[in-house]
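K.L.:
Numbering of the sequence shown is given in numbering that gives the first Met the number 0, commencing with residue 0 and proceeding in unit increments. Using N, Cα and C, we set each Cβ at its ideal position, and we do this for glycine too. Sharing a structure here in structure tokens format.
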Amino acid sequence: MPKMLPTVLGNLVSKPATRPHPYRRREAFARARGRIIFDVKQCVFCGACALRCPASAIRVDRNERELVFEPFRCIICGVCVETCRRGCAQMIPHYHSPAYTKPEEYYRAPVEVKEENQL
Ligand code: SF4
Ligand code: SF4
């Protein structure tokens, strides 16, 4: 016990070795491959990203103007980001939160609301 005393006292005054995740998140490293998001306002639903995605993580329905993304299929290769000429597919340095299920993310074209006098 006396041999351990300096260690015990040192631990009492030192900072914790771990972070209280998720309340305090670690800053991402430079050029970290976090996750893919889509800026649907820029999307024309051409389907090019879905065609080139090696993991089949993207589905695009041009008629419904809808893009469905499966983040847990995504291997974060960045091909969709390189493919999308409109800058809609973006890679951000924040990781996806863990989940018990494999959710799909739906991106739909914004519905245009017309003023009554424009109808
Ligand atoms: S994200 Fe880009 S490449 Fe994919 S459907 Fe939209 S505009 Fe096309
Ligand atoms: S990063 Fe790669 S795997 Fe993920 S959606 Fe884009 S093309 Fe598919």
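Give a single yes or no on whether glycine 77 has its beta carbon closer than 7 Å to a heavy atom of ligand 1.
P.N.:
Counted from its first residue, the sequence shown places residue 77 at position 78. No, the beta carbon of glycine 77 sits no closer than 7 Å to any heavy atom of ligand 1.
K.L.:
Looking only at C-alpha atoms, which of Ala29, Ala47, Val110 and Val80 sits nearest to aspartate 60?
P.N.:
As a working note, residue 60 is residue 61 in the sequence shown. If we check each option's Cα against that of aspartate 60, Ala47 comes out closest.
K.L.:
Tell me, please, which residues DSSP counts as bridged to glutamine 89.
P.N.:
Taking the sequence shown and counting its residues from 1, one reaches residue 89 at position 90. Paired residues: Ile36.
K.L.:
Could you check if glycine 33 belongs to the surroundings of ligand 1, using beta carbon to heavy atom distance under 7 Å?
P.N.:
For this step, residue 33 is matched to residue 34 along the sequence shown. No; taking the cut-off as 7 Å, the Cβ of glycine 33 has no heavy atom of ligand 1 nearer than that.
K.L.:
Give the secondary structure of valine 43 by DSSP, where H, G and I count as helix, E and B as strand, and everything else as coil.
P.N.:
Position 44 of the sequence shown, counted from the start, is the residue given in the question as residue 43. In this structure, valine 43 counts as coil in the three-state DSSP scheme.
K.L.:
Once you ignore the five residues that flank threonine 17 on each side, which residues in its own chain have a CB closer than 7 Å to its CB?
P.N.:
Taking the sequence shown and counting its residues from 1, one reaches residue 17 at position 18. The answer is none, since no qualifying residue turns up.
K.L.:
Under the three-state reduction of DSSP, which class applies to arginine 58: helix, strand or coil?
P.N.:
Taking the sequence shown and counting its residues from 1, one reaches residue 58 at position 59. Arginine 58: strand per DSSP, three-state reduction.
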